[in-house]
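Residue numbers (the UniProt record's numbering): 1 to 59. Using N, Cα and C, we set each Cβ at its ideal position, and we do this for glycine too. Quick caveat, the model's predicted, so the values are computed rather than measured.
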Amino acid sequence: MQLTPVHTSEPEKTEEMPEKQLGEMTVQERLDRIEKKVDDTQREMKKGLKEILNLLSSG
Numbered sequence: 001m002q003l004t005p006v007h008t009s010e011p012e013k014t015e016e017m018p019e020k021q022l023g024e025m026t027v028q029e030r031l032d033r034i035e036k037k038v039d040d041t042q043r044e045m046k047k048g049l050k051e052i053l054n055l056l057s058s059g
């Protein structure tokens, strides 16, 4: 299994989009919001995997 390095120096995106109703959002705004959620989810998964690997290696 090939593991890719996790870069933790990536700055956190703290900018929050103003909450709009879905009907008021453009397609690009929807895509941007989805993309941000995906990025956040991937970051959390990488953190969790790193913790698991640390626990396994410390045995």
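What are the boundary residues of the alpha helix (DSSP H) that includes residue i?
{"i": "E35", "result": "V27 to S58"}
Determine the direct distance from the alpha carbon of residue j to that of residue i, and round the result to whole angstroms.
{"i": "L49", "j": "Q42", "result": "10 Å"}
{"i": "L53", "j": "G23", "result": "43 Å"}
{"i": "E35", "j": "K20", "result": "16 Å"}
{"i": "T26", "j": "E44", "result": "27 Å"}
{"i": "D32", "j": "E51", "result": "29 Å"}
{"i": "S57", "j": "E29", "result": "42 Å"}
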